[in-house]
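**Q** There's a structure below that I have some questions on.
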Amino acid sequence: MNKFKANSDGPIDAGRRSLLCGMAGIPLFQMSGCGGGASGHESVVTPLISPASQGADLPIIPMVDGSVDAAGTRNFSLVAQAGTTTFRSGVAAATLGYNGQLLGPALRLRKGENVAMHVQNNLGEDTTVHWHGLLVPAEADGGPHQVIAAGARWTASFTVANAASTCWFHPHAHGSTGRQVVMGLAGLLIVDDAQMARSTLPDTWGVDDLALVLQDKRFTAAGQIDYTLSASDRTNGYTGDVLLVNGALAPVWRAPSQWVRFRLLNGCNARALVLRLGNSLPLLQVANEAGLLAVPVARPSLALGPGERAEVLVDFSAMPAGQEVPLYASTAQGGMGMGNAAGATEVEAMRIRVSLPKQSNSISSPPNTLPAAAAVVAGPGAINRTFRLDGGMMGGAFTINGRSFDIGRIDFSVPANSVEVWTFTNATNMAHPMHVHGVKMSMLTRAALAPPIYEQGLRDTFVVEAMQTVRVAVQTAEVASATPLMFHCHILEHEDAGMMGQFTTL
Numbered sequence: 001m002n003k004f005k006a007n008s009d010g011p012i013d014a015g016r017r018s019l020l021c022g023m024a025g026i027p028l029f030q031m032s033g034c035g036g037g038a039s040g041h042e043s044v045v046t047p048l049i050s051p052a053s054q055g056a057d058l059p060i061i062p063m064v065d066g067s068v069d070a071a072g073t074r075n076f077s078l079v080a081q082a083g084t085t086t087f088r089s090g091v092a093a094a095t096l097g098y099n100g101q102l103l104g105p106a107l108r109l110r111k112g113e114n115v116a117m118h119v120q121n122n123l124g125e126d127t128t129v130h131w132h133g134l135l136v137p138a139e140a141d142g143g144p145h146q147v148i149a150a151g152a153r154w155t156a157s158f159t160v161a162n163a164a165s166t167c168w169f170h171p172h173a174h175g176s177t178g179r180q181v182v183m184g185l186a187g188l189l190i191v192d193d194a195q196m197a198r199s200t201l202p203d204t205w206g207v208d209d210l211a212l213v214l215q216d217k218r219f220t221a222a223g224q225i226d227y228t229l230s231a232s233d234r235t236n237g238y239t240g241d242v243l244l245v246n247g248a249l250a251p252v253w254r255a256p257s258q259w260v261r262f263r264l265l266n267g268c269n270a271r272a273l274v275l276r277l278g279n280s281l282p283l284l285q286v287a288n289e290a291g292l293l294a295v296p297v298a299r300p301s302l303a304l305g306p307g308e309r310a311e312v313l314v315d316f317s318a319m320p321a322g323q324e325v326p327l328y329a330s331t332a333q334g335g336m337g338m339g340n341a342a343g344a345t346e347v348e349a350m351r352i353r354v355s356l357p358k359q360s361n362s363i364s365s366p367p368n369t370l371p372a373a374a375a376v377v378a379g380p381g382a383i384n385r386t387f388r389l390d391g392g393m394m395g396g397a398f399t400i401n402g403r404s405f406d407i408g409r410i411d412f413s414v415p416a417n418s419v420e421v422w423t424f425t426n427a428t429n430m431a432h433p434m435h436v437h438g439v440k441m442s443m444l445t446r447a448a449l450a451p452p453i454y455e456q457g458l459r460d461t462f463v464v465e466a467m468q469t470v471r472v473a474v475q476t477a478e479v480a481s482a483t484p485l486m487f488h489c490h491i492l493e494h495e496d497a498g499m500m501g502q503f504t505t506l
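Read left to right, the sequence shown gives residues 1 to 506 (full-length UniProt numbering).
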């Protein structure tokens, strides 16, 4: 079986994978979405191309537990490095990875433990490593202020404060985040806690608990990853015509005949994905990006904006041996809505082949309720802050409250360990996925209505649709720090171009 391989620090050996995808010479057609209006531009998304044939076995992201030292601190080692990966037979494409050629491992964290993340930068250029979704001190956040110079080493130390959840890590050096992510720098953070340990959710990694990292890329005729940004890319964000799952094109995963848990990450720079299974199989959503939901929610399809995650359960127990189930992906309406964009191509992202026996520890049915962490609640006297997402006129930069990012400017300060209400109003004709570092959040309203169950609970990333307002309750960091935390659009080309601000905690 063709998988990533890991040593104790979780390096990934993807260089020998050969994906017979025939990408040379593929034209990069584009389609128009929501044009005109206040933004003065058309939302243009590169259509995905359906693969001609099934690829190799799905690479399994390796799980790394780290090592515990005499002081009780769990240590992890990451090396950001350049490498090559074979996406097309006979062509070695330049890629970046953590501890290997492409992507990175999954690091298992436990709530309450002290952790030290040791990062060595062997890229030959500056980078950072941001722990997306983790509640860490600002000094350990890995944002634009924690630059790791080429050849340098950085250690982030913190106590794991998150509830059980699926988070991820990726670069956040201002101006180069989009390129470094497209080239392959992304890994997972799997947080466990006592409540998760007592749950009956599937948890055998790679067997009935499977992580899927979905990313789109473009390739040159020579088979290299193409991050040449057009005017459309700078306005709408980079979208590729090839969708990869764990770095592979249209892979096959062999599933056991039982309930399986999928951890889904939209790791795309700008594309919002709508995912559904063939055979009319429902997706039973049990978690969003920041933790468990209060109850499972059956959904025919699932939309994820860039940076968002979700956990779903799928029942394969009634399927005969050899039954195949495709996972389909398409682009969400208007960039990020809940339906498919008009004329959007739906492609087969991967195929699930039910061919393994049921595990002895498999569940017979999913739980009716889940141990969700408490949502953030804002009292009547909470401070209110407003954020207007604007710009984009005639191809200009998108901004927040009329300002582009300035690393030397603090936009505001918040009191430590307090709850505020932040209102995000999108005055543009495209959706923006918003991410706030170092805080707990819960959605209060979307378009003046209470959010559906699957948008409730804790959040760290949420989509603000075109011409829409979203209100969230924000619980600030417990400890004051003069080091800034970021808030920004997670369309990485918008972020790199300045759709970002920063705040400190007093």
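Backbone N, C-alpha and C define an ideal beta-carbon position, used for all residues, glycine too.
Would DSSP call Asn-236 helix, strand or coil?
**A** Helix at Asn-236.
**Q** For Gln-180 versus Thr-127, is the C-beta spacing smaller than 8 Å?
**A** A contact, by the Cβ cut-off of 8 Å.
**Q** On the three-state DSSP scale, how would you describe Thr-220?
**A** Looking at Thr-220 - three-state DSSP - the assignment turns out to be coil, as it is neither helix nor strand.
**Q** Between the stretch 185–204 and the stretch 366–385, can you find at least three pairs of beta-carbon atoms closer than 8 Å?
**A** Judged by Cβ distances under 8 Å, the stretch 366–385 makes contact with the stretch 185–204, as three or more pairs qualify.
**Q** In this structure, does DSSP put Met-443 in helix, strand or coil?
**A** Residue state, collapsed to three classes: strand.
**Q** Just verifying my parser: in three-state terms, what is the DSSP assignment at Glu-324?
**A** Three-state result, Glu-324: strand.
**Q** Starting from the C-beta of Met-183, find all residues in its chain whose C-beta is less than 8 Å away, skip the five residues before and the five after it, and write them out in chain order.
**A** Same-chain partners within the cutoff: Ala-94, Thr-95, Leu-96, Ile-225 and Tyr-227.
**Q** Kindly indicate which three-state DSSP category Gly-343 falls into: helix, strand or coil?
**A** Residue confidence is low: Gly-343 scores 48 on pLDDT, short of 50, so the model does not pin down where it sits. Its coordinate-derived value is still stated next. Gly-343 falls in the coil class under three-state DSSP.
**Q** Restricting to Cα atoms, I'd like to know which of Gly-501, Pro-357, Ile-453 and Asp-69 is closest to Gly-402.
**A** Ranking Gly-501, Pro-357, Ile-453 and Asp-69 by Cα distance to Gly-402 puts Gly-501 first.
**Q** Excluding the 5 residues preceding and the 5 following Phe-412 in the sequence, name in chain order all residues of the same chain whose CB lies nearer than 6 Å to its CB.
**A** The answer, listed in chain order, is Phe-503.
**Q** Considering only heavy atoms of the ligand ADP, does any lie closer than 7 Å to the CB of Gly-151?
**A** Of ligands this structure carries none, so the ligand ADP is not represented either.
**Q** Short of 8 Å in beta carbon distance, which residues of its chain neighbour Asn-266, apart from the five on each side in sequence? Order them along the chain.
**A** Cβ neighbours of Asn-266 beyond the five flanking positions: Leu-214, Ala-272, Leu-273, Leu-304, Gly-305, Pro-306, Gly-307, Glu-308 and Arg-309.
**Q** Enumerate, from N- to C-terminal direction, the unbroken alpha helix (DSSP H) stretches of 4 or more residues contained entirely within the UniProt domain "Plastocyanin-like" (387–505).
**A** Correct list: 492–497.
**Q** Between which two residues does the beta strand (DSSP E) holding Arg-74 run?
**A** 74–88 is the span of the beta strand (DSSP E), which, as asked, contains Arg-74.
**Q** Count the other C-beta atoms from every protein chain shown that fall within 10 angstroms of the C-beta of Leu-103, then say buried if there are 16 or more, exposed otherwise.
**A** Label assigned to Leu-103: buried.
**Q** Cutting at 8 Å between CB atoms, please list the residues of its own chain near Thr-177, excluding the five before and the five after it.
**A** Around Thr-177: His-170, Pro-171, Leu-492, Glu-495 and Asp-496.
**Q** Excluding five sequence neighbours on each side, which residues of the same chain lie with their C-beta closer than 7 Å to the C-beta of residue 516?
**A** The question about residue 516 has no answer, for the chain in this structure spans 1 to 506.
**Q** Along the beta strand (DSSP E) that carries Arg-276, what are the first and last residues, could you check?
**A** Residues 273–277.
**Q** From what residue to what residue does the alpha helix (DSSP H) around Gly-178 run?
**A** 177–182 is the extent of the alpha helix (DSSP H) around Gly-178.
**Q** Can you tell me whether Thr-46 is buried or exposed, with buried defined as 16 or more other CB within 10 angstroms of its CB?
**A** Buried: at least 16 other Cβ atoms inside 10 Å.
**Q** Taking just the CA atoms, how far does Ile-352 sit from Leu-135?
**A** Answer to the nearest angstrom: the Cα atoms are 34 Å apart.
**Q** Mind checking which residues open and close the beta strand (DSSP E) that includes Gln-285?
**A** Here the beta strand (DSSP E) through Gln-285 covers 283–288.
**Q** Tell me the DSSP bridge mates of Arg-261?
**A** According to DSSP, which records beta bridges pairwise, Arg-261 is partnered with Asp-209 and Leu-313.
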